[in-house]
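J.: In this note's numbering, the protein residues as written are 194 to 366. All C-beta atoms in this analysis are idealised placements derived from N, C-alpha and C, irrespective of residue type, glycine included.
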Amino acid sequence: MPIVAMLQAGGGEKFITLVNRLGASRDSVSATLAALIEAGLVQRNPGYGHPLRPEYLVTPPARELAQACVELTAVVGEMGQGAVAGKKWALPAVLAIHRGASRYGEVQALLPGVTPRALSAALKEAVAAGLVKRTVAEDYPPSTVYSLTAVGERLAPALEAFAAAAEALPGVA
194 MPIVAMLQAG GGEKFITLVN RLGASRDSVS ATLAALIEAG LVQRNPGYGH
244 PLRPEYLVTP PARELAQACV ELTAVVGEMG QGAVAGKKWA LPAVLAIHRG
294 ASRYGEVQAL LPGVTPRALS AALKEAVAAG LVKRTVAEDY PPSTVYSLTA
344 VGERLAPALE AFAAAAEALP GVA
């Protein structure tokens, strides 16, 4: 998400600029760009010319999603939740809870591809960041119920806009 937001906000970027601004390794940024290119969200700049021209651009079909990335990144930054936003499953878990999932299995059902270990870690991170509240129900057997905190509720509209833009892309279910 941060790479797509940077590409959209800057009208494209050079590889080294992405590495420096993100503070990430070259390998990590390279792998992420490769995945984004394969997904059709980002393309290498096909033009030639000035040495300062951006090397990577958002593809035309992904511009709405990229704008949603910019807005979500801004909201996350304002809330001081950048560390959680960088985790792969934390924000999708928050979105699943916002959409009505309150139990671990319900959250997992809304996130295809998440492993139990990754989901547990994401929920712990979201709880630690104050986005999600974890309550242990007093029934037998005990069960855990997840709900959004006020901070999580403030983040939810930007997450919904991002999800709607992603779902509108061709090939995304």
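1. Hey, how far is the Cα of E318 from the Cα of H243?
2. Does the beta-carbon of E206 have 16 or more other beta-carbons within 10 angstroms, so that it is buried, or is it exposed?
3. Answer yes or no: do V222 and V212 have a C-beta to C-beta separation smaller than 8 Å?
4. Taking contact to mean at least 3 C-beta pairs separated by less than 8 Å, is the region 269 to 283 in contact with the region 302 to 322?
5. Among E248, E346, A361, Q201, which one has its Cα closest to the Cα of C262?
6. Quick check on the burial criterion: 16 or more other C-beta atoms within 10 angstroms. Buried or exposed for P253?
7. Taking C-beta to C-beta, are V268 and S295 nearer than 8 Å?
8. Measure the beta-carbon distance from L362 to L265 and round it to whole angstroms, keeping in mind my assumption that it falls under 8 Å.
T.: The short version:
1. Reading the sequence shown from its first residue, position 125 is the one you call residue 318. Reading the sequence shown from its first residue, position 50 is the one you call residue 243. Linking E318 to H243 through their CA atoms gives a straight-line distance of about 44 Å.
2. One-based indexing of the sequence shown puts residue 206 at position 13. With 16 or more other Cβ atoms within 10 Å, it is buried.
3. The residue you call residue 222 lines up with position 29 of the sequence shown. The residue you call residue 212 lines up with position 19 of the sequence shown. V212 sits close to V222, with the two beta carbons spaced by under 8 Å.
4. A contact between stretches requires three or more CB pairs, one per stretch, nearer than 8 Å, and the region 269 to 283 meets this requirement with the region 302 to 322.
5. For this step, residue 262 is matched to residue 69 along the sequence shown. Closest by alpha carbon: Q201.
6. As a first step, residue 253 must be located in the sequence shown, where it is residue number 60. Under this definition P253 is an exposed residue.
7. Locating residue 268 in the sequence shown gives position 75, counting from the first residue. Locating residue 295 in the sequence shown gives position 102, counting from the first residue. No.
8. In the sequence shown, residue 362 corresponds to position 169, counting from 1. In the sequence shown, residue 265 corresponds to position 72, counting from 1. 15 Å between Cβ atoms; not a contact.
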